[in-house]
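Asks: Shown below is the structure under consideration.
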Amino acid sequence: MRTFEEDMKLAVAYHGHLCSGQCIGVKMAHYAMSLLGLDNESEETKMKVFVECDRCPADSIGIATGCRIGRRSYSFYDYGIIAASFLDMNTGKAVRIYHKKRIHPEDGEDMIAFYKNLPFEELLSYRNVKIELKPCDLAGPPVEDINCEQCGENVIDSRHVVKNGKKLCRTCAEGGYYSFL
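Convert by adding 1076 to the 1-based position in the sequence shown; the result is the number in the working numbering.
Structure below.
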């Protein structure tokens, strides 16, 4: 497995700066991989990650695990919690790691060394969880492909909503984060 320092170097390069969130994300990923008996060096590692916040740890978790949204191995849920679940796709075993308390290095202390040497259990907690995936959540070609009956946009992987008997994209059914000009 890559070392904490190696993953931090990759995470900082990707994220753009060093911060405690990057360290926490790498620490979470390393803890999960140690609990699941996985490593991050092999392309054969089959892992799926479910991240629950859109802050700094989200970037470093992706870097440390090799999981990516576009490869369907990284899912984001906006729960506002510094937590992530890690699923071993080969065994079905999963753990949810969460940040239990804020611990920061003293001013002037080496941040990477501080988090590297901090025991997992001091910073993080975990629970074994069960994650059931539907065929539309797996990697590979889309399992369903429809056009929204209101706007005509293409919706894949069963992400549409049936409302009043019509198959609609979520934006037409529920409203979206944008509005048309």
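Even for Gly, the Cβ is constructed at its ideal location relative to N, Cα and C.
Is it buried or exposed for E1220, if we count other Cβ within 10 angstroms and need 16 for buried?
Replies: With fewer than 16 Cβ atoms within 10 Å of its Cβ, E1220 is classed as exposed.
Asks: Going by Cα to Cα distance, which pick from A1249, V1237, H1091 is closest to A1134?
Replies: Per the Cα distances, H1091.
Asks: From I1207 to G1138, what does the alpha carbon distance come to, in whole angstroms?
Replies: About 19 Å.
Asks: Identify every run of the beta strand (DSSP E) within the segment 1123-1165, keeping only runs that are complete inside it and at least 3 residues long; order them along the chain.
Replies: Complete beta strand (DSSP E) runs here, min 3: 1123-1127, 1150-1152, 1159-1164.
Asks: Note down, in chain order, each residue of its chain lying with its Cβ closer than 6 Å to the Cβ of A1108, except the 5 sequence neighbours on either side.
Replies: Only F1162, V1171, I1173 meet the Cβ criterion.
Asks: What is the rounded straight-line gap between the Cα of M1104 and the Cα of R1147?
Replies: When rounded, the distance between both Cα atoms is 21 Å.
Asks: How long is the line joining the alpha carbons of L1114 and E1182, rounded to whole angstroms?
Replies: C-alpha separation (whole angstroms): 32 Å.
Asks: Tell me the residue span of the beta strand (DSSP E) that contains R1246.
Replies: Looking at the DSSP string, R1246 is not in any beta strand (DSSP E); the run it does join, the alpha helix (DSSP H), is 1246-1250.
Asks: Please state if the CB of A1087 and the CB of G1101 are separated by a distance shorter than 8 Å.
Replies: Contact: yes.
Asks: Could you please give me the residues that DSSP links to R1172 through a beta bridge?
Replies: Answer is S1161, R1203, bridged to R1172.
Asks: Taking 8 Å as the cut-off, decide whether the C-beta atoms of R1131 and G1097 are in contact.
Replies: Contact flag set, yes.
Asks: Closest Cβ-Cβ distance between K1239 and chain D: below 8 Å?
Replies: Among the chains of the structure shown, chain D does not appear; only one protein chain is present.
Asks: Could you check how far apart the C-beta atoms of E1128 and Y1155 are, in whole angstroms? I think they sit under 8 Å.
Replies: Right, the Cβ-Cβ distance comes to about 4 Å (below 8 Å), so this counts as a contact.
Asks: With the cut-off set at 8 Å, would you say E1082 and I1188 are in Cβ contact?
Replies: In this structure, I1188 does not lie closer than 8 Å to E1082 by Cβ.
Asks: What's the C-alpha gap between K1242 and V1231?
Replies: Approximately 13 Å, taken between the alpha carbons.
Asks: Just the C-alpha distance for P1218 and C1212, rounded to the nearest angstrom, thanks.
Replies: Near 7 Å, if we compare the C-alpha coordinates of C1212 and P1218.
Asks: Within the continuous beta strand (DSSP E) that includes D1221, where are the two ends?
Replies: 1221-1223 is the extent of the beta strand (DSSP E) around D1221.
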